[in-house]
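Scroll down for the structure; my scribbles are underneath it.
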Amino acid sequence: MKKLFLALMVLLNTFVFASDINIWKNSTLNKILERGELRVGLDPGYMPFEMKDKKGRIIGYDVDMASKMAKEMGVKLTIIPTSFDGIIGGLLSEKFDIIISGMTITQQRNLKVNFADPYVVIGQTILVDKDVAKNIKSYKDLDNEKYIISTRTGVTGEIVARKFFKKAKIITFETEADCVSEVLNGKAHAFIYDQPYNVLFMSDKGKDRLVHLDTPLTYEPLGFAIRKGDPDFLNWLNNFMRQIKEDKLLDFHQKLYEKWLVDTEWLKRVQ
């Protein structure tokens, strides 16, 4: 009986070991290392996370993060521009290995993909026409049939707009630039979008024309998205984030934050 038990334990351990080997063999991380290339899907229209400079090159917070990731892996980086409304589909069809595109971690998205630990936390804020703002004491005052609120199609801002402003008219556009232009041109009264973008816009084109209701309406952690069933890749990404956040010698994470989310010097490269 004892020999039978030992034999079964050996067989079970062999099965588990073989299973672990197969998991690693099929891991995206293993394929990245074998290929020598990290393929990142992103939508280059979301300042300051990803956008094109005057020469057409894609730059931004997420691009620098992806470059650091590829460097730590010892592979080259390939950016694959993808429309945000199709970016999860692109990941699931293996057009790229990972989404690094300012994606908010939500329960709905988490049903389709897995997220690594957050790398930035943001929230939705509101830019309001200066004349309209004279009558606005709280964001709740915008929930009125006489107001038109713009936001970008298919992002968290649209979800928030439809949840918080059921009486106001909600209009959506493919880019944040088109959304805020509606307010500047007097065709909308307010614009709901991510706090980093709104802060940067107010430091430039929004001066003297808009008022920023800068208290976030939401808590939004941004995370890297990968395909489900890949524990090795998820483990590597979480350890990568812990390392760059806690390494005070290199201070990469803090420097990245200040470069793109505090300093506005980069605006000269995109205008």
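Read in order, the letters of the sequence shown correspond to residues -18 to -1, 1 to 253 in mature numbering (1 follows the signal peptide of the UniProt record, and there is no 0).
We treat Cβ as the ideally placed atom computed from N, Cα and C, and that holds for glycine.
Because the structure is a prediction, the values reported are computed rather than measured.
Among the options, the one whose alpha carbon lies nearest that of residue i
i	options	result
H194	I62, K210, V165, W6	V165
Y179	G139, L73, L232	G139
I62	G56, R39, K53, M55	R39
A170	K128, I80, E240, Q89	K128
K13	D46, I87, K116, I80	I80
I108	A159, W242, R17, D196	D196
G71	N221, V244, A207, D212	A207
L192	N92, D111, T60	D111
D176	D67, N220, E158, K189	E158
L219	E240, E202, K50, E156	K50
F173	D186, E32, F155	F155
I69	G84, F215, D123	G84
With 16 other Cβ atoms within 10 Å as the buried cut-off, status of residue i
i	result
L182	buried
R209	buried
D113	exposed
R21	buried
T10	buried
Residues bridged to residue i (per DSSP)
i	result
F155	R134
A172	V110, I131
I40	K34
Inter-residue CB distance, residue i and residue j (contact presumed, cutoff 8 Å)
i	j	result
M184	A98	Contact flag wrong, Cβ pair sits at about 31 Å.
S65	D25	6 Å
I130	A150	7 Å
D46	L238	6 Å
Point to revise | beta strand (DSSP E) segments (min. 3 residues) lying fully within the stretch 43 to 129 | key: Whole beta strand (DSSP E) segments, 3+ residues: 58 to 63, 102 to 104, 106 to 111.
- Query: Mind pulling the beta strand (DSSP E) runs of 3 or more residues that sit fully within the stretch 179 to 236?
  - Reply: The DSSP assignment places complete beta strand (DSSP E) segments of no fewer than 3 residues inside the stretch 179 to 236 at 192 to 195, 202 to 204, in order along the chain.
*asked:* Quick check on the DSSP output: what are the complete beta strand (DSSP E) runs of length 3 or more inside the stretch 8 to 35, in order along the chain?
replied: With a minimum length of 3 residues, the continuous beta strand (DSSP E) runs that stay inside the stretch 8 to 35 are 19 to 24.
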